[in-house]
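Asker: In this note's numbering, the protein residues as written are 575 to 963.
From the three backbone atoms N, C-alpha and C, an ideal C-beta is built for every residue, glycine too.
Pasting a structure here, questions to come.
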């Protein structure tokens, strides 16, 4: 599809909204979408597609995005963000604490076993429902201790603490489909202060078997400054997570974009509606399998004239991201749902950094473009994501 056609689609959609987009916001979105379209044309359809979108790097962080391509093929399932994850594991010298909802990538399991063989203390926490994968069995057979939550709520984190001074976190499980088929983000964060927060939560789960509501708040520092950048760090269900997200949204003055695998929490929806009434430009992409659910905020926001789309990935758009005023980013394992707030073990960050925000804005533009022009293929029918309430 030509860039001119994409522009006409965006303009037609904008005219259909009850509250028109600001001119500046529309121009920025059109430029990003057109640029992405040109990039896709340059890459063409032949050959093995890249499995990693352009990453971002700051003085203390690296940000990665998966880049699923269609049609999919087994030979495309190599490299990409998995290489960055394995490199982070291979760089460990003393300790590796891994809390991940799902792990089935055997190269990641082998990297953890290599770490153990060179004397690194490796410990793993995972979700009970996903503890029977071949990768987990391989870890256990290799002598790596694996703890499961043994409860109804999910151990939904996707983080790793490396040597007590680095954290890997984001929306990406250590699985083949999350790396190569689903839209996801991950970040490698170099900060001993931040690592202490994650290490405390890992210890609660691994050592004390304290999951979900059994954990108590107060053993982390929610507000940090890392190399001059404001960082807020929250864990569910013990921290006031919805309050933090709503506060960040209410601080928006010009623009909000978001990507949501599951967005069912009415208070977060209320905050967006409030900002829309105040004239803030808002664009969002929902995972299509959850958008049709009766508890989703999709139809509520759309009826209010907010520009929301169902994603175009035949698999899953798995991000849980807000970008506010091109300077604040909310990201992590935390879906925007009551389950995430009250039942699951989750984490997320609120980072005030225009450079990081620009990377997530670019990813949003890529996901938005695919929502406008979805590839043909399977995927889940609308409304099947009933669990994410």
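Helix, strand or coil for residue 655? Go by DSSP, reduced to three states.
Answerer: Three-state DSSP puts residue 655 in a helix.
Asker: Going by other Cβ atoms of all chains shown within 10 Å of its Cβ, with 16 needed for buried, is residue 891 buried or exposed?
Answerer: buried
Asker: Return the chain-ordered ranges of every alpha helix (DSSP H) run that is complete within the stretch 908 to 934 and spans a minimum of 4 residues.
Answerer: The alpha helix (DSSP H) runs lying completely inside the stretch 908 to 934 and spanning 4 residues or more are 912 to 916, given in chain order.
Asker: What are the partner residues of residue 808, as DSSP defines its beta bridges?
Answerer: 922
Asker: What would DSSP say about residue 937, mapped onto helix, strand or coil?
Answerer: helix
Asker: Nearest to residue 659 by CA position, among 750, 819, 940 and 812, is which residue?
Answerer: 750
Asker: Under 6 Å Cβ to Cβ from residue 949, same chain only, skipping five residues before and after it: list those, please.
Answerer: 644
Asker: Apply the 10 Å Cβ neighbour rule to residue 790 and answer buried if 16 or more other Cβ atoms are within range, or exposed otherwise.
Answerer: exposed
Asker: Going by C-alpha distance, which of 901, 785 and 694 is nearest residue 828?
Answerer: 901
Asker: Could you tell me the boundaries of the beta strand (DSSP E) in which residue 553 lies?
Answerer: Lying outside 575 to 963, the shown extent of the chain, residue 553 is not represented and no answer is given.
Asker: Going by beta-carbon coordinates alone, are residue 808 and residue 922 separated by less than 8 Å?
Answerer: yes
Asker: Any beta carbon of chain D sitting closer than 8 Å to that of residue 811?
Answerer: Note that chain D does not occur in the displayed structure, where there is just one protein chain.
Asker: Hey, could you find the ends of the beta strand (DSSP E) residue 855 is sitting in?
Answerer: 855 to 860
Asker: Pull up the CB-CB distance for residue 731 and residue 893, whole angstroms please, since I reckon it's below 8 Å.
Answerer: Not really, about 16 Å apart at Cβ, beyond 8 Å.
Asker: Per DSSP, what kind of secondary structure is residue 739 in: helix, strand or coil?
Answerer: Reduced to three states, the DSSP call for residue 739 is coil.
Asker: Beta-carbon separation of residue 672 and residue 734 under 8 Å?
Answerer: yes
Asker: Go to residue 833, then tell me how far its beta strand (DSSP E) extends in each direction, as first and last residue.
Answerer: 829 to 834
Asker: Name the two residues that bound the continuous alpha helix (DSSP H) containing residue 700.
Answerer: Counting along the chain, residue 700 falls outside any alpha helix (DSSP H), though it belongs to the beta strand (DSSP E) covering 695 to 700.
Asker: Could you give the distance in angstroms between the alpha-carbon of residue 908 and the alpha-carbon of residue 745?
Answerer: Going by C-alpha positions, residue 908 is about 8 Å away from residue 745.
Asker: If you check the beta carbons only, do residue 720 and residue 698 fall under 8 Å apart?
Answerer: yes
Asker: For residue 759, write down the residues that DSSP places opposite it in a beta bridge.
Answerer: The partner list for residue 759 (beta bridge, DSSP) reads 639.
Asker: Output needed for residue 684: all residues of its chain with C-beta closer than 7 Å, excluding positions within five of it in sequence on either side, in chain order.
Answerer: Within the same chain, residue 684 has no close Cβ partners at all.
Asker: Measure the C-alpha to C-alpha separation of residue 835 and residue 858 and round it to an integer number of angstroms.
Answerer: 11 Å
Asker: Counting along the chain, where does the beta strand (DSSP E) carrying residue 671 start and finish?
Answerer: 669 to 674
Asker: I need the DSSP call for residue 679, collapsed to helix, strand or coil.
Answerer: Coil.
Asker: Looking at residue 778 and residue 740, is the spacing between their C-beta atoms short of 8 Å?
Answerer: no
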